[in-house]
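There are 2 protein chains.
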Amino acid sequence: MYAIGEEETVADAEHVNIWTLPERPARGPRPAYSRAQITEAAIRIADAEGLEAATMRRIAAEIGAGAMSLYRYVPSRDDLIELMADRLTGEIDLTGVPSGDWRADLTRYADGLRAMWRRHPWMAAMRRSLPGLGPNQLLLIERLMGVLDPLVPIDENLALTALLNGYVEGAVREEIGAAEELRRSGLSEQEWMARGQAYVDRLVKSGDHPILTKIVMEARRPHLSRDEQFRLGVRRVLDCVAAALPPGA
Amino acid sequence: MYAIGEEETVADAEHVNIWTLPERPARGPRPAYSRAQITEAAIRIADAEGLEAATMRRIAAEIGAGAMSLYRYVPSRDDLIELMADRLTGEIDLTGVPSGDWRADLTRYADGLRAMWRRHPWMAAMRRSLPGLGPNQLLLIERLMGVLDPLVPIDENLALTALLNGYVEGAVREEIGAAEELRRSGLSEQEWMARGQAYVDRLVKSGDHPILTKIVMEARRPHLSRDEQFRLGVRRVLDCVAAALPPGA
DNA sequence: GCCAATTGCGTACATCGTACTCGGTGGCCT
DNA sequence: AGGCCACCGAGTACGATGTACGCAATTGGC
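Protein chains in written order, with the working numbering: chain Y, 24 to 272; chain X, 24 to 272.
Written out as structure tokens, the structure is:
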């Protein structure tokens with residue numbers, strides 16, 4: 024395509040996909056760092072200060088490297104984020120799935136996904152259009168969709184799995200929403216309250232928004248524990264799934 | 024809090040929320056542009072080239088203004104995005120909802136939301152943690168949740184609505200996913216195919232990913248029309264909703 | 001008609017991702 | 001054993017971004 028210089032970066036014409044790009048070439052001095060180490064550092068920063076704080080320079084500083092050194096391991100920041108996503112997917116433990124009990128399996132998956140997203144809230148906000156195809160993500164696909172695979176055709180399986188995913192995503196977003204928004208804004212809790220709350224209070228007092236008023240009131244009431252509420256929602260989704268299964272499954 | 028200069032930007036201490044920030048002050052020369060005009064231009068650019076292309080300078084150029092002029096109308100780019108989101112929410116036509124027929128109403132909402140996201144694919148990717156509270160968004164909340172409000176308690180209503188939203192989001196993401204990913208990458212279709220496809224083909228040929236193989240095969244088969252498929256999914260979700268309603272509703 | 005508020009906007013800065021380039025290192029071939 | 005060169009870490013630099021600041025021009029209210 025175009026002439027290459029005396030050296031080229033880690034990505035060449037055929038190896039654009041991270042997952043096909045070997046981490047370690049054959050010859051030369053031993054690398055001082057590793058993809059795993061960089062990914063780990065980036066996740067640590069993102070957990071603490073949000074994904075936008077995980078800049079290349081910051082990540083490099085975290086592991087004691089120069090900024091540009093990272094590019095010896097990762098073609099771009101987007102690719103690094105791909106690595107982070109796969110690494111986090113690996114935190115969802117699905118060993119032994121499918122087990123034969125599809126309700127138990129899907130419940131386990133929902134719990135695991137929720138727990139992972141609560142540990143790494145920035146991840147719940149960072150939804151790509153297509154699922155990644157890293158090793159952990161591939162394993163997840165095989166195990167998760169293997170649960171319903173013997174019971175329904177693949178297109179049904181896709182739809183039902185998407186439904187479950189959608190529910191978990193919505194539920195987690197509701198759980199972590201306020202906290203994330205607060206962190207993102209960089210405001211103190213008092214400031215944030217003063218601003219958002221004052222506006223919402225005004226809306227409620229206006230009387231033009233009866234439903235919003237109900238929602239606000241509801242939010243101030245004591246609730247079932249988050250876990251209970253989530254389990255309840257998952258059970259409902261699974262009932263919906265059961266209805267789509269052939270009878271007697 | 025802190026001393027202000029001889030002039031201040033559009034945002035002051037009490038007016039941080041966009042929705043409480045008046046667009047037009049009393050005195051001074053007539054503004055040459057407007058929030059609506061700026062929002063419109065930004066949406067036009069985002070539709071054509073993605074949200075990341077809608078930079079302040081680019082938007083300003085689109086309406087023939089200087090870059091910094093926009094800040095006379097909008098406190099920050101994030102706030103402008105908030106305006107865009109509300110403006111797009113207004114495209115979901117729910118006049119006459121709730122009508123008394125909850126299935127029809129929710130189906131109409133699902134169709135409208137899907138159509139809106141397909142017209143503005145960047146919006147489907149840009150999910151904030153909390154829903155916005157602009158005028159169109161408030162109206163949507165009242166109408167949409169007003170549908171089930173007479174039938175179920177508010178917490179149930181929230182859960183069921185989230186379920187429907189989750190389904191639509193997943194379905195739309197699947198529809199527009201490939202196209203968006205392609206655009207985001209900036210590659211030509213051939214390049215993108217060559218790269219993604221080659222990797223997927225390798226995975227399929229390896230034989231270690233039976234489910235992925237099924238998915239890929241399925242994607243190559245002719246389908247029900249997208250619309251049919253979507254309607255089917257919505258109906259399933261609504262059946263799930265019906266199960267949660269009190270008998271005879 | 002004057003004053004002050006408010007306009008559009010040019011300049012400037014910090015920060016980002018990353019291209020280019022260098023001097024050094026050490027595995028491989030001879 | 002010796003030399004070559006692939007590969008390393010990292011500094012410098014560039015273009016782009018969001019936006020703070022300041023200035024000259026404009027206009028409504030007195």
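All C-beta atoms, glycine included, are put in the ideal place defined by N, C-alpha and C.
Min CB distance residue i to chain Y below 9 Å
i: I199 (chain X); result: yes
i: H246 (chain X); result: yes
i: E192 (chain X); result: yes
i: T43 (chain X); result: yes
i: N159 (chain X); result: no
i: M146 (chain X); result: no
i: G271 (chain X); result: no
i: D109 (chain X); result: no
i: A219 (chain X); result: Checking the sequence shown, residue 219 (chain X) turns out to be Gly, not Ala. Closer than 9 Å to some Cβ of chain Y, the Cβ of G219 (chain X) qualifies, so yes.
i: E165 (chain X); result: yes
i: D116 (chain X); result: no
i: V223 (chain X); result: yes
i: D128 (chain X); result: no
Neighbourhood of residue i by C-beta distance below 6 Å, restricted to the same chain and skipping five residues each side
i: Y132 (chain X); result: L167
i: A11 (chain Y); result: The structure shown does not extend to residue 11 (chain Y), since chain Y spans only 24 to 272, so no value can be given for it.
i: A69 (chain Y); result: A77, W145
i: L268 (chain X); result: L174
i: V264 (chain Y); result: L183
Three-state secondary structure (DSSP) of residue i
i: Y222 (chain Y); result: helix
i: M139 (chain Y); result: helix
i: S92 (chain Y); result: helix
i: D116 (chain Y); result: coil
i: M79 (chain X); result: helix
i: R151 (chain Y); result: coil
i: A55 (chain X); result: coil
i: A272 (chain X); result: coil
i: E46 (chain X); result: coil
i: I66 (chain Y); result: helix
i: I104 (chain Y); result: helix
i: V33 (chain Y); result: Its pLDDT being 46, under 50, V33 (chain Y) is placed unreliably in this model, and the value from its coordinates should be taken loosely. It is coil, neither helix nor strand.
i: P144 (chain Y); result: helix
i: D124 (chain Y); result: coil
i: I61 (chain Y); result: helix
i: I41 (chain Y); result: helix
7 Å Cβ shell around residue i - same chain, five flanking residues per side excluded
i: A242 (chain Y); result: none
i: G73 (chain X); result: W145, R206, R207
i: D109 (chain X); result: G155, G157, P158, N159, Q160
i: N180 (chain Y); result: M168, L171, D172
i: G51 (chain X); result: none
i: M139 (chain X); result: L111, E114, I115
i: A272 (chain X); result: L174
i: E29 (chain X); result: Bear in mind that a pLDDT of 37 at E29 (chain X), under 50, signals an unreliable position, so the number given afterwards is only what the model happens to contain. The answer is none, since no qualifying residue turns up.
Any chain X beta carbon closer than 9 Å to residue i
i: V260 (chain Y); result: yes
i: S152 (chain Y); result: yes
i: E75 (chain Y); result: no
i: H232 (chain Y); result: yes
i: K228 (chain Y); result: no
i: R196 (chain Y); result: yes
i: M240 (chain Y); result: yes
i: E204 (chain Y); result: yes
i: L156 (chain Y); result: yes
i: M168 (chain Y); result: yes
i: G256 (chain Y); result: yes
i: D134 (chain Y); result: no
i: L103 (chain Y); result: no
i: D172 (chain Y); result: yes
i: A267 (chain Y); result: yes
i: G189 (chain Y); result: yes
Neighbourhood of residue i by C-beta, 8 Å cutoff - its chain only, sequence neighbours within 5 removed
i: L247 (chain Y); result: L255
i: G87 (chain X); result: none
i: V33 (chain Y); result: Note on V33 (chain Y): pLDDT 46, under 50, position unreliable in the model; no value is reported.
i: G218 (chain Y); result: The question names Gly, yet the displayed sequence has Arg at residue 218 (chain Y). Only L210 meet the Cβ criterion.
i: I164 (chain Y); result: P154
Any non-hydrogen atom of the ligand MN within 8 Å of residue i CB
i: G73 (chain X); result: For the ligand MN, the structure offers nothing, since it holds no ligand at all.
> Can you give, in chain order, each stretch of the alpha helix (DSSP H) that sits fully within the stretch 224 to 265 of chain X and has at least 4 residues?
Replying inline: 233 to 243
>> Restricting to runs no shorter than 4 residues, where is the alpha helix (DSSP H) found entirely within the stretch 153 to 212 of chain X?
In response: 158 to 171, 177 to 208
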